[in-house]
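Numbers 161 to 435, taken from our numbering, label the letters of the sequence shown in order.
The next block holds one structure in the form of structure tokens; read it before the comments.
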Amino acid sequence: MIYEKLRIKDISRKLKNSEAIISAYIPENSEEININKKRETIIICPGGGYEFTSDREAEPIALKFVAQGFNAVVIRYSIAPVRYPTALLELAETVRYVREKEKEWNVDTEKVIVCGFSAGGHLAGSLGVLWNNEIIEKYLDIKNEEVKPNAMILCYPVISSGEFAHKGSFDSLLGEKEAEISRENLSLEKLVSIETPKTFLWHTFDDGTVPVQNSLLFSNALASNKVQFELHIYPSGVHGLGLCEEITAMNGRSEHINSHIASWFNLACQWIKTL
């Protein structure tokens, strides 16, 4: 496996003050199997309410995807007190860079997928609905098509800034900028269009931190725009489950281990293969 750790400011022409870091986990091709194989690449955005990036939703997720034959990249994006749109631009640059590494990393450039957890789901979803927005070309001076995700995996995502909002995420994302940027303009269910990528979502019915309505609102918006999606709502489970296995359980907490909800990962991998 190839492992590389890179700073966004070293791969971006514009984001020279960024402190974000990406870690790439790239399986090496084998003559015994397929020396010319091009791989789907999963770009993972950990959660943390835009206040931190969770270790439990970073490397363990990446290694699980690598074990299934995918490339995986974790982005430790900028968090508070850094404000919007910095993290969005960092993720956009990561998508562009992954495609740029087509030969070295054996990237299938038509299958670059963003995968986000909780607030990381808001970040991934933001790129999904804003990849063709003028903000990308304005700040990064690159073509919008270079940063378009081919698909999204959203895990108990923060979506809405309305009635079912996770208020803390929007507080951290906007801070003092809220005077110039309305929360409503970052409520993702209102930004879905026919250009939004296909999406896989999962949530638990009784998530007490990010209400299940976030995934339902986004799914309904996708349906209204005739964008294909796969949605799984599990009957019960706490927020922040990660892989739902011991490897991502916080200090071994039993409520973070659930074999039924753990099925989301294999379902997501199967869905990726349909793209």
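Note that beta-carbon positions come from the ideal geometry of N, C-alpha and C, so glycine has one too.
Under the three-state DSSP convention, the category residue i falls into
i: G322; result: coil
i: A227; result: helix
i: Y210; result: coil
i: R243; result: coil
i: I221; result: helix
i: D268; result: strand
i: A284; result: helix
i: W258; result: For the sequence presented, residue 258 should be read as Val rather than Trp. Residue state, collapsed to three classes: helix.
i: T408; result: helix
i: I171; result: helix
i: V352; result: coil
i: V370; result: coil
i: R343; result: helix
i: R216; result: helix
i: K337; result: helix
i: N177; result: coil
Minimum C-alpha distance to residue i - residue among the options
i: R199; options: K261, R343, E306; result: K261
i: V372; options: F360, N194, H399; result: H399
i: V370; options: E164, Y163, G207, I162; result: G207
i: E253; options: I295, T408, I421, S384; result: I295
i: I181; options: K197, S278, T213; result: T213
i: A247; options: C205, A383, V272, P309; result: C205
i: W362; options: V255, S278, R216, F225; result: S278
i: I202; options: L314, E406, I393, K263; result: L314
i: K298; options: L435, E164, L175; result: L175
i: Y185; options: K165, R173, D170, K197; result: K165
i: R236; options: S178, V272, V307; result: S178
i: Q388; options: N380, E264, V255; result: N380
i: G276; options: I393, F365, V233, Q228; result: V233
i: L348; options: A227, N304, L290, Y163; result: L290
i: I319; options: Y257, N374, A222, R216; result: N374
i: F324; options: E306, E336, L334, R343; result: R343
i: R256; options: E406, R216, L287, I393; result: L287
i: K271; options: I302, L251, M312, K263; result: M312
Identified DSSP bridge partners for residue i
i: F389; result: T359
i: I295; result: Its beta-bridge partners do not exist; DSSP assigns none.
i: K165; result: S183
i: F277; result: C315
i: T364; result: Y394
i: I195; result: According to DSSP, I195 bridges with nothing at all.
i: V234; result: S183, I204
With 16 other Cβ atoms within 10 Å as the buried cut-off, status of residue i
i: G280; result: buried
i: I193; result: exposed
i: L401; result: buried
i: T434; result: exposed
i: P309; result: buried
i: R413; result: exposed
i: M161; result: exposed
i: I221; result: buried
i: I368; result: According to the sequence shown, residue 368 is Gly rather than Ile. Exposed, by the Cβ-count rule.
N-terminal and C-terminal residue of the beta strand (DSSP E) that residue i is part of
i: I202; result: 199-205
Residue i - containing alpha helix (DSSP H), residue span
i: A429; result: Ala is not the amino acid found at residue 429; the sequence shown has Cys there. Counting along the chain, the alpha helix (DSSP H) containing C429 begins and ends at 423-432.
i: S379; result: 373-384
i: L334; result: 327-334
Proximity test, residue i beta-carbon vs the ligand NAP heavy atom, cut-off 6 Å
i: W291; result: Annotation note on the ligand NAP: not contained in the displayed structure, which lists no ligands.
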